[in-house]
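Student: Plus 638 on top of the position in the sequence shown (first one is 1) and you've got the working numbering.
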Amino acid sequence: MTARPRPRDDLRGLEGYHSPQVPATVRLNTNESPFPPPREFVERFAAAVSGIDYHRYPDRAAAALRARLADFLGQPAERLLCANGSNEVLQTLLLAYGGPGRRAVVFEPTYALHAHIARVTGTAVVAGRRGPDHTVDADAAAALVRDTDPAVVFVCSPNNPTGTVEPRGTVEALAAAAARVGALLVVDEAYGEFAAWSALELVAEDAPVVVVRTYSKVWSLAAVRLGYAVAPRWVTDELAKVLLPYALSVPTQLAGTIALDFVQEMRGRVAALVEERGRLFASLAGRPGLTVFPSGANFLLVRVHGDSHALWRALLDRGVLVRDFSRWPGVEGCLRVTVGTPEENDAFLAALDAALPEVIA
Ligand SMILES: *Cc1c(COP(=O)(O)O)cnc(C)c1O
Numbered sequence: 639m640t641a642r643p644r645p646r647d648d649l650r651g652l653e654g655y656h657s658p659q660v661p662a663t664v665r666l667n668t669n670e671s672p673f674p675p676p677r678e679f680v681e682r683f684a685a686a687v688s689g690i691d692y693h694r695y696p697d698r699a700a701a702a703l704r705a706r707l708a709d710f711l712g713q714p715a716e717r718l719l720c721a722n723g724s725n726e727v728l729q730t731l732l733l734a735y736g737g738p739g740r741r742a743v744v745f746e747p748t749y750a751l752h753a754h755i756a757r758v759t760g761t762a763v764v765a766g767r768r769g770p771d772h773t774v775d776a777d778a779a780a781a782l783v784r785d786t787d788p789a790v791v792f793v794c795s796p797n798n799p800t801g802t803v804e805p806r807g808t809v810e811a812l813a814a815a816a817a818r819v820g821a822l823l824v825v826d827e828a829y830g831e832f833a834a835w836s837a838l839e840l841v842a843e844d845a846p847v848v849v850v851r852t853y854s855k856v857w858s859l860a861a862v863r864l865g866y867a868v869a870p871r872w873v874t875d876e877l878a879k880v881l882l883p884y885a886l887s888v889p890t891q892l893a894g895t896i897a898l899d900f901v902q903e904m905r906g907r908v909a910a911l912v913e914e915r916g917r918l919f920a921s922l923a924g925r926p927g928l929t930v931f932p933s934g935a936n937f938l939l940v941r942v943h944g945d946s947h948a949l950w951r952a953l954l955d956r957g958v959l960v961r962d963f964s965r966w967p968g969v970e971g972c973l974r975v976t977v978g979t980p981e982e983n984d985a986f987l988a989a990l991d992a993a994l995p996e997v998i999a
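1. Is the CB-CB distance between Ala811 and Ala779 below 9 Å?
2. Anyone know if the C-beta pair for Glu827 and Val847 falls short of 9 Å?
3. In or out: Phe679 buried (at least 16 other Cβ within 10 Å) or exposed?
4. Tell me the DSSP secondary structure of Arg863 in three-state form.
5. Verify whether the separation of the beta carbon atoms of Asp648 and Arg757 is less than 9 Å.
6. Quick check: the Cα distance between Gly865 and Leu652, rounded to an integer number of angstroms?
7. Under the criterion of a Cβ to heavy atom distance below 8 Å, does Leu864 qualify as lining ligand 1?
8. Which value, in whole angstroms, describes the spacing of the CA atoms of Leu881 and Val825?
9. In whole angstroms, what is the alpha-carbon distance linking Leu822 and Ala814?
10. With H, G and I counted as helix, E and B as strand and the rest as coil, what does DSSP make of Leu877?
11. Please confirm whether any heavy atom of ligand 1 lies closer than 8 Å to the CB of Ser854.
12. Under the assumption that Ser858 contacts Ser724 (Cβ atoms under 8 Å), give the Cβ distance between them as a whole number of angstroms.
13. Given 8 Å as the limit, tell me if Leu751 has its C-beta closer than that to any heavy atom belonging to ligand 1.
14. Between Gln902, Ala993, Ala878, Val856, which lies nearest to Asn936 when the distance is taken from Cα to Cα?
15. Express the C-alpha separation of Ala789 and Ala762 in angstroms, rounding to a whole number.
16. Considering only residues of the region 903-971, which uninterrupted alpha helix (DSSP H) runs meet the minimum length of 4 residues and lie entirely inside it, listed in chain order?
17. Checking 9 Å against the spacing of the C-beta atoms, do Gln713 and Val873 come in under that value?
18. DSSP puts Glu746 in a beta bridge; with which residues?
19. Indicate, with yes or no, if ligand 1 has a heavy atom lying under 8 Å from the CB of Gly723.
20. Residues in its own chain within less than 8 Å of Arg965 by CB, not counting five upstream and five downstream?
21. Spatial neighbours of Val687 within its chain, please: C-beta separation below 7 Å, excluding the five flanking residues on both sides.
22. Assuming the contact rule is C-beta atoms closer than 8 Å, Phe745 and Val793 should be a hit. Round their C-beta distance to whole Å, please.
23. I'd like to check one pair, Val958 with Leu666: are the Cβ atoms closer than 9 Å?
24. Going by C-alpha to C-alpha distance, which of Ala992, Asp945, Thr929, Leu719 sits closest to Tyr884?
25. Answer with buried or exposed for Tyr695, where buried requires no fewer than 16 other C-beta atoms within 10 angstroms of its C-beta.
26. Cβ of Glu804 versus every heavy atom of ligand 1: is any distance shorter than 8 Å?
27. Is Asn667 close to ligand 1? I mean its beta-carbon at under 8 Å from any heavy atom of the ligand.
28. So for Phe832, helix, strand or coil by DSSP?
29. Closer than 8 Å to a non-hydrogen atom of ligand 1 - does that hold for the CB of Ala828?
30. Does DSSP classify Phe792 as helix, strand or coil?
31. Which residues bound the beta strand (DSSP E) around Val849?
32. Evaluate Thr663 with the Cβ neighbour count: other Cβ atoms within 10 Å of its Cβ, from every protein chain shown; 16 or more gives buried, anything less gives exposed.
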């Protein structure tokens with residue numbers, strides 16, 4: 639009898655990341671774009687893929703993609719690191735700056751992957767709390783950073799799952815607090831383009847600030863898996879050492895580059911979703927039994943004054959899938975609904991009208 643190899647002790651008890659997928663006609667549960675990318679993008683991408691030198695490795699530096707992205711962002715290409723989704727960017731950041739004996743601060747409730755990837759990389763997690771309005775209290779956060787001496791501080795803005803956009807002053811206070819203890823501030827802006835301001839303007843060579851973005855949401859390219867960090871060069875240099883060689887496939891690099899020829903269309907989709915978000919917000923705010931929170935993202939968090947899980951179920955019975963946060967600490971009794979097409983949002987509202995009386999006392 640031989641012993642079965644055991645994974646690391648500190649991975650015991652760690653659960654995988656789960657976002658339950660069940661069949662539904664109207665899928666408003668994972669914050670993807672409801673709109674596919676333009677037809678012309680798909681055609682140009684397909685043509686480009688048919689011309690790949692399949693027997694050759696990709697450009698390791700993803701130079702063409704980074705040059706175009708740099709143009710788009712108004713940042714030097716040296717400040718960009720691209721990886722397979724922003725989750726891989728986050729993992730790369732933690733591999734380089736986290737690890738055993740180091741800590742990462744998160745502000746809960748927030749994106750579960752920050753704490754999860756931290757643990758996977760052996761980084762201890764320090765959980766700060768958001769206030770009742772889901773914002774981060776700048777003074778309390780700065781004190782937490784000072785007292786716990788982390789290597790990395792995560793702030794998600796707009797925050798998933800609450801939609802909260804941190805004011806510039808809070809992010810600046812966090813950056814200053816991080817700088818004082820030699821920590822990196824990572825601003826997860828997966829939904830940044832839906833918000834009124836971006837921490838991109840805080841990225842500079844003399845500030846420990848990294849902004850992480852993705853093609854998964856605004857670019858309608860969740861299937862491609864492409865994300866990027868905008869960071870000082872001394873950070874991207876370290877990240878490049880840690881990322882696996884040839885991490886980004888040629889199709890991924892092509893998709894990201896060609897997408898940037900369709901900025902106008904992307905802005906159009908974002909504007910349409912922001913408008914729909916406003917319509918959905920107003921409609922939900924007018925319904926008794928619900929509290930809807932302000933959102934700078936492509937989703938809304940709704941607190942149900944009644945059995946929220948029963949409402950989630952009742953919506954699903956009517957073909958509408960939203961995300962159930964009923965038992966999630968800090969957002970108990972809440973559902974998160976992704977802003978869909980006008981038709982999908984109407985279907986959600988209709989299902990809600992039918993289901994609400996069943997669960998609101
Ligand atoms: C969706 C999401 C991401 C995106 O992850 P990808 O790996 O780029 O698809 C990152 N951060 C947050 C907060 C998200 O909600």
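We put the CB at the ideal spot given by N, CA and C, even for glycine. Nothing here was measured: the structure is a model prediction, and the numbers come from that model.
Tutor: Reading off the structure:
1. Yes; because the gap between Cβ atoms is below 9 Å, this pair is in contact.
2. Going by C-beta atoms, Glu827 is not nearer than 9 Å to Val847.
3. Residue environment: Phe679 is assigned as buried (16 or more neighbouring CB atoms within 10 Å of its CB, all protein chains considered).
4. Three-state DSSP puts Arg863 in coil, outside helix and strand.
5. When the beta-carbon positions are compared, Asp648 and Arg757 come within less than 9 Å of each other.
6. Between Gly865 and Leu652, the C-alpha separation is close to 25 Å.
7. Under cutoff, so the answer is yes.
8. Leu881 and Val825 have their C-alpha atoms roughly 20 Å apart.
9. Cα-Cα distance, rounded: 10 Å.
10. Three-state DSSP puts Leu877 in a helix.
11. Answer for Ser854: yes, Cβ within range of ligand 1.
12. Actually they are not in contact, since the Cβ atoms of Ser858 and Ser724 sit about 15 Å apart, beyond 8 Å.
13. For ligand 1, at least one heavy atom lies less than 8 Å from the Cβ of Leu751.
14. Closest option to Asn936, Cα to Cα, is Val856.
15. Their backbone Cα atoms lie some 10 Å apart in a straight line.
16. For the region 903-971, the full-length alpha helix (DSSP H) segments reaching 4 residues or more read 946-955 along the chain.
17. Contact: no.
18. In DSSP, Glu746 forms a bridge with Arg767.
19. Yes; taking the cut-off as 8 Å, the Cβ of Gly723 has a heavy atom of ligand 1 nearer than that.
20. For Arg965, where only same-chain residues beyond five positions count, the Cβ hits under 8 Å are His947.
21. Around Val687, the same chain offers Pro889, Leu892 as residues with beta carbons nearer than 7 Å, after the five sequence neighbours per side are excluded.
22. Between Val793 and Phe745 the Cβ distance is about 6 Å, and since that is below 8 Å, they are a contact.
23. Contact flag set, yes.
24. Taking only the C-alpha atoms, the option nearest Tyr884 is Leu719.
25. Counting of Cβ neighbours within 10 angstroms places Tyr695 among the exposed residues, the total staying below 16.
26. Incorrect: Glu804 has no Cβ contact closer than 8 Å to ligand 1.
27. At a cut-off of 8 Å, the beta-carbon of Asn667 does not count as near ligand 1: no heavy atom of the ligand is closer than that.
28. Taken through DSSP and simplified to helix, strand or coil, Phe832 comes out as helix.
29. Yes, the Cβ of Ala828 comes within 8 Å of a heavy atom of ligand 1.
30. Of the three classes helix, strand and coil, the one that applies to Phe792 here is strand, per DSSP.
31. That run of the beta strand (DSSP E) goes 847-852.
32. Result: exposed.
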